[in-house]
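Below: the structure, in structure tokens.
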Amino acid sequence: MDSDAWRWIAGGVLILANAFFVAAEYALVGARPNRLRAAARKGSRAAGAAAKATENMSRYVAGVQLAITMAGIGLGWTAESTIANALEPMLSGLGLHVVAGILAFLIVTFLLVVLGELVPKYVTLRDAERSAVFVIYPLNVLLAVLRPFSWLLEGAGALVVRAFGIDTRKIDKPVIAREELADILKESTDAGTFGESHAKLLAKTLALTDLQADDVMIPRVDISFVEADISAEEALQVMAKQTHTRLVVVEDGDLDEIVGILHVQDALKVFAGLAPSIRSVVRPAVFVPPNLSLERLVERMQAEKTQLLVIRDEHGGTEGLLTLEDIVEEMFGELDDQVEHAQPRIGRRPDGRVVMRGDVRTDELCEFLGLDECPLEREAVATIIVESLKRIPRPGDSVDTAIGRLRVENMARQRITRVALIEARKQTRVEAN
989 MDSDAWRWIA GGVLILANAF FVAAEYALVG ARPNRLRAAA RKGSRAAGAA
1039 AKATENMSRY VAGVQLAITM AGIGLGWTAE STIANALEPM LSGLGLHVVA
1089 GILAFLIVTF LLVVLGELVP KYVTLRDAER SAVFVIYPLN VLLAVLRPFS
1139 WLLEGAGALV VRAFGIDTRK IDKPVIAREE LADILKESTD AGTFGESHAK
1189 LLAKTLALTD LQADDVMIPR VDISFVEADI SAEEALQVMA KQTHTRLVVV
1239 EDGDLDEIVG ILHVQDALKV FAGLAPSIRS VVRPAVFVPP NLSLERLVER
1289 MQAEKTQLLV IRDEHGGTEG LLTLEDIVEE MFGELDDQVE HAQPRIGRRP
1339 DGRVVMRGDV RTDELCEFLG LDECPLEREA VATIIVESLK RIPRPGDSVD
1389 TAIGRLRVEN MARQRITRVA LIEARKQTRV EAN
């Protein structure tokens, strides 16, 4: 076998080697470590090895890049001259023998890019985890041979990037931001991986860190409370009338002087003569600041073993109340039981109007309307009306917003209880009756 034949064989082997290392690189970069670890727990040793490789990407990237570079140089050295020699006799008769080298370079580049780069890339990205499992063992063997060279290159590369203030350790520990998770969730939903209800639940779970206690709390004016010296019979009557199983207990009718929380079972103990007074069975209240995220609030409830938190500002004043039910409803939607007779938070009337409670937030309203993005800041609709009017509203007052005209339907003392969305307006203006 002559030298040209060996060069043809060597060129084919180098293209295959380049394709392998390109596939290995894309497989490790594209594979999801959690899927690999899940496969490893099911008994796949190769998946475990691939998962371990994703934790040390800088080492593998350096070795793979070295192998790809060596394969490319080797291909240029062997195949280019062989192809040029084959083309030169055909082109010399046309007086184009000088063009043979250029054509040979273009042919080698074409083969390297198509067969050695694009094809393995497309094949690998279709199933990165399976590809990573397939290549990991031969890749480890080949990189072990190249280890001294890749170690030198890895160290040199790290020194250069550190000179620019880049921490190479972060390359090995990629973190997916919450915004990226939201994008992944949307893409998965569009692809049919998640149903609409599951997608909404996951999206609301991701949004827990955005919402704070004062976004979902029961405002101060709506807190049901009793005096510390109330009788058990009176306390039970209040609970039955307001369909609550817990009440805030205060001194002298002052919500800033909270004694604790009364549970219905404790009130029954006093009523049955098993405890001397309501004050003796009151449980300690747990106070939290209004800027605490829902995620932290859930953790606090778990730590304190309670389902009710009192929101208190920096001056010690009571701002509101938050229950576990409020947080659950924030994620799953409103939960109506058989004893609740209050109007729903938001709904559509037969005439097309959307009617809601005053404490409904703009993001809830936008979600009800089916808007992908809400053009309004996240506030209660009652707050938007009050801030626009710059006075205490009256029934019939209306405010134009980017999503429609909000009209005050009902008031309780000086508080907006029901709001209607009537019609859309492009410009914001205020009208008052």
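Numbering-wise, the working numbering puts 1408 at position 420 of the sequence shown, and it's gapless, one number per residue. Cβ coordinates follow ideal geometry from the N, Cα and C atoms, glycine included. All values derive from a computational prediction rather than experimental measurement.
- Taking a C-beta distance under 9 Å as the contact criterion, Pro1108 and Tyr1014 qualify as a contact pair.
- Contact between the region 1109-1129 and the region 1027-1036 is present, with at least three C-beta pairs closer than 8 Å.
- Just measuring C-alpha positions, the residue of Arg1403, Glu1307, Phe1275 and Val1017 sitting nearest Thr1112 is Val1017.
- The criterion of a C-beta distance shorter than 9 Å is not satisfied by Ile1334 and Met1205.
- For Leu1189, the three-state secondary structure derived from DSSP is helix.
- For Thr1389, the enclosing beta strand (DSSP E) has its first and last residue at Ser1386 to Thr1389.
- Here Thr1350 is buried: its Cβ has 16 or more other Cβ atoms, across all protein chains shown, within 10 Å.
- Between Val1387 and Ile1380, the C-beta gap is not smaller than 9 Å, which leaves the two residues out of contact.
- With a cut-off of 8 Å on Cβ pairs, the region 1209-1227 is not in contact with the region 1180-1191, counting fewer than three such pairs.
- Taking C-beta atoms as the reference points, Leu1262 and Ile1249 fail to come closer than 9 Å.
- Going by DSSP, Val1121 is part of the alpha helix (DSSP H) stretching over Ala1116 to Ala1151.
- A straight-line Cα-Cα distance of about 30 Å links Ile1124 and Asp1171.
- A contact is defined here as three or more CB-CB pairs under 8 Å, and the region 1043-1056 meets this definition with respect to the region 1139-1157.
- An exposed status is given to Phe1275, since fewer than 16 other beta-carbon atoms sit within 10 Å of its beta-carbon.
- Relative to the Cα of Glu1287, the nearest Cα in the group Asp1301, Ile1315, Ile1266 and Ala1273 belongs to Ile1315.
- In the DSSP annotation of this structure, Met1205 is not part of any alpha helix (DSSP H), being labelled neither H nor E.
- Gln1295 and Thr1311 do touch by the CB rule: their CB atoms are close to 6 Å apart, below 8 Å.
- Between the alpha carbons of Pro1077 and Asn1006 lies a distance of about 30 Å.
- DSSP, read as helix, strand or coil, puts Ser1212 in coil.
- Scanning its chain for C-beta atoms nearer than 7 Å, with the 5 sequence neighbours on each side dropped, one finds around Phe1093 the residues Glu1068, in chain order.
- Less than 9 Å divides the Cβ of Pro1277 from the Cβ of Glu1302.
- Your pair Ile1003 and Gly1089 does not check out as a contact, with CB atoms roughly 20 Å apart and the cut at 8 Å.
- By the Cβ neighbour-count rule, Glu1307 is buried, with 16 or more other Cβ atoms within 10 Å of its own.
- Remark: C-beta atoms of Val1369 and Leu1357 do not approach each other more closely than 9 Å.
- Contact annotation: Glu1292 and Val1343 have beta-carbon atoms that are not nearer than 9 Å.
- For Thr1371, no beta strand (DSSP E) encloses it; the enclosing alpha helix (DSSP H) starts and ends at Val1369 to Leu1377.
- Selection Leu1190, Arg1382 and Ala1273 evaluated against Glu1318 yields Leu1190 as nearest (Cα-Cα).
- Between the alpha carbons of Asp1254 and Ala1201 lies a gap of roughly 27 Å.
- Across the set Ala1059, Ala1228, Asp1242 and Arg1366, the C-alpha of Arg1366 shows the shortest separation from the C-alpha of Asp1347.
- Collapsing the DSSP output to three states places Glu1043 in coil.
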